[in-house]
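A short write-up of the structure that comes next.
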Amino acid sequence: MKMNAEELKYIKAKSRVEKLKSIYRHIAVFLITISVLFLLMSFFPGSKDSMFYYILSYTTDVTWIVWGFVIVLHVIIAFGLDKILGRNWEVEKISKFMENEDDSSVY
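So this is what it looks like as structure tokens:
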């Protein structure tokens, strides 16, 4: 079962759209979480010397740094691996495994 060029283009495009959609969702959740943490810090009725404020401040800072790094990794994994492995790496591997499967079914 061979795929024509249009089907292959469609599958690649759909895969990229799914990756992009996943990244957008990730960024949206990140922004919502940071906004909630910021609002909690801004509207916290206690003094800024309280332990809760320090914990919340630390949590917000760590969230920015760690989660921001995770988002960057997500983008690199989603789109940067094409640069390392080559654009057709996945297609070539699938074709190779399909050929190997055909060869092994003969025995």
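Taken in order, the sequence shown gives residues 8 to 114; the numbers are from the working numbering.
A virtual CB, placed ideally from N, CA and C, is assigned to each residue, including glycine.
Cβ shell of residue i (< 8 Å), same chain only, five flanking positions each side left out
{"i": "serine 29", "result": "His81 and Ala85"}
{"i": "methionine 63", "result": "One detail in the question is off: residue 63 reads as leucine in this sequence, not methionine. Excluding residues within five positions, the ones whose Cβ falls inside 8 Å are Leu44, Leu47, Met48 and Phe51."}
{"i": "asparagine 107", "result": "none"}
{"i": "lysine 26", "result": "Ala85 and Phe86"}
is_contact[residue i, chain C] using C-beta, thresh 8 Å
{"i": "isoleucine 72", "result": "Among the chains in the structure shown there is no chain C, since it carries only a single protein chain."}
Rounded Cβ spacing between residue i and residue j (contact assumed at less than 8 Å)
{"i": "threonine 70", "j": "isoleucine 41", "result": "6 Å"}
Cβ-based neighbour list, residue i, same chain, cut-off 6 Å, excluding 5 preceding and 5 following
{"i": "alanine 12", "result": "none"}
{"i": "valine 98", "result": "none"}
Same chain, Cβ closer than 7 Å to residue i, neighbours up to 5 away in sequence not counted
{"i": "lysine 19", "result": "none"}
{"i": "histidine 33", "result": "Ile78 and His81"}
Count Cβ pairs between the region 70 to 90 and the region 34 to 42 that sit closer than 8 Å; are there 3 or more? Output reads yes: the region 34 to 42 touches the region 70 to 90.
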